[in-house]
Amino acid sequence: MRLEVGYLADPSHFAGLVRSAVAAPAVTARTTVQLSELQQAVTHAVPAVGAPDAIVDAVCTLRAALRRKELIASDRRWRQSVRLLQASAFLDALCDNVRGIEDLTDVHAAGDLFRII
Numbered sequence: 127m128r129l130e131v132g133y134l135a136d137p138s139h140f141a142g143l144v145r146s147a148v149a150a151p152a153v154t155a156r157t158t159v160q161l162s163e164l165q166q167a168v169t170h171a172v173p174a175v176g177a178p179d180a181i182v183d184a185v186c187t188l189r190a191a192l193r194r195k196e197l198i199a200s201d202r203r204w205r206q207s208v209r210l211l212q213a214s215a216f217l218d219a220l221c222d223n224v225r226g227i228e229d230l231t232d233v234h235a236a237g238d239l240f241r242i243i
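Its first residue numbered 127, the sequence shown is counted upward by one per residue in our numbering.
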């Protein structure tokens with residue numbers, strides 16, 4: 127889905143945008159995950175995340191609200207959005223519950239972590 131937004135009208139907001147382009151980025155520690163670990167998460171852990179009725183209801187409500195505003199997405203796109211929600215829940219749980227990289231590499235342990243969602 128693409129949402130078009132207007133240009134910045136307030137000159138001070140535009141100035142802040144320009145300043146942000148030249149500010150030195152903060153140095154952050156990088157997290158490295160092996161490709162095989164990522165593939166395992168995508169094929170096993172993310173699909174294992176459930177979608178409770180409250181989430182299904184929220185998606186249906188969002189779809190109806192967007193249709194009223196004549197923003198139409200195909201049913202296939204809505205189905206694909208569920209995987210995005212699962213991935214988001216997976217990452218949220220990961221941030222909250224991972225004790226170490228070993229939690230990412232053991233699919234069964236990861237599955238146990240994400241069942242709390």
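Don't be surprised by glycine CBs; every beta carbon is placed ideally from N, CA and C.
Since the structure is predicted, the reported quantities are computational estimates derived from the model, not experimental observations.
Where does V208 sit, in a helix, a strand or coil, going by DSSP? On the sequence shown, residue 208 is found 82 positions in, with the first residue counted as 1. Three-state result, V208: helix.
Reduced DSSP secondary structure (H/G/I, E/B, other) of D201: Here residue 201 corresponds to residue number 75 of the sequence shown, with the count starting at 1. The answer is helix: DSSP assigns D201 an H, G or I state.
Could you compute how far the alpha carbon of Q165 sits from the alpha carbon of A171? Numbered from its first residue, the sequence shown carries residue 165 at position 39. Numbered from its first residue, the sequence shown carries residue 171 at position 45. Taking the straight line from one Cα to the other gives about 10 Å.
Quick check on DSSP: helix, strand or coil for T92? Residue 92 is absent from the structure shown; the chain starts at 127 and stops at 243.
In angstroms, rounded to a whole number, what distance separates the CA positions of V182 and R209? For the purposes of this step, residue 182 is taken as residue 56 along the sequence shown, with counting starting at 1. For the purposes of this step, residue 209 is taken as residue 83 along the sequence shown, with counting starting at 1. Rounded to the nearest angstrom, the two C-alpha atoms are 12 Å apart.
So L129 and A177 are in contact, right, with Cβ under 8 Å, and what is the actual spacing, rounded? Position 3 of the sequence shown, counted from the start, is the residue given in the question as residue 129. Position 51 of the sequence shown, counted from the start, is the residue given in the question as residue 177. That belief does not hold up - the Cβ atoms of L129 and A177 are roughly 23 Å apart, past 8 Å.
Indicate whether V159 and A215 have their beta-carbon atoms separated by less than 9 Å. The sequence position of residue 159 within the sequence shown is 33, counting from 1. The sequence position of residue 215 within the sequence shown is 89, counting from 1. Result no, Cβ atoms of V159 and A215 do not sit closer than 9 Å.
To the nearest angstrom, how far is it from the Cα of D180 to the Cα of K195? Walking along the sequence shown from the start, residue 180 turns up at place 54. Walking along the sequence shown from the start, residue 195 turns up at place 69. What sits at residue 180 in the sequence shown is Ala, not Asp. Cα-Cα distance, rounded: 23 Å.
Counting along the chain, where does the alpha helix (DSSP H) carrying D179 start and finish? Walking along the sequence shown from the start, residue 179 turns up at place 53. 179-194 is the span of the alpha helix (DSSP H), which, as asked, contains D179.
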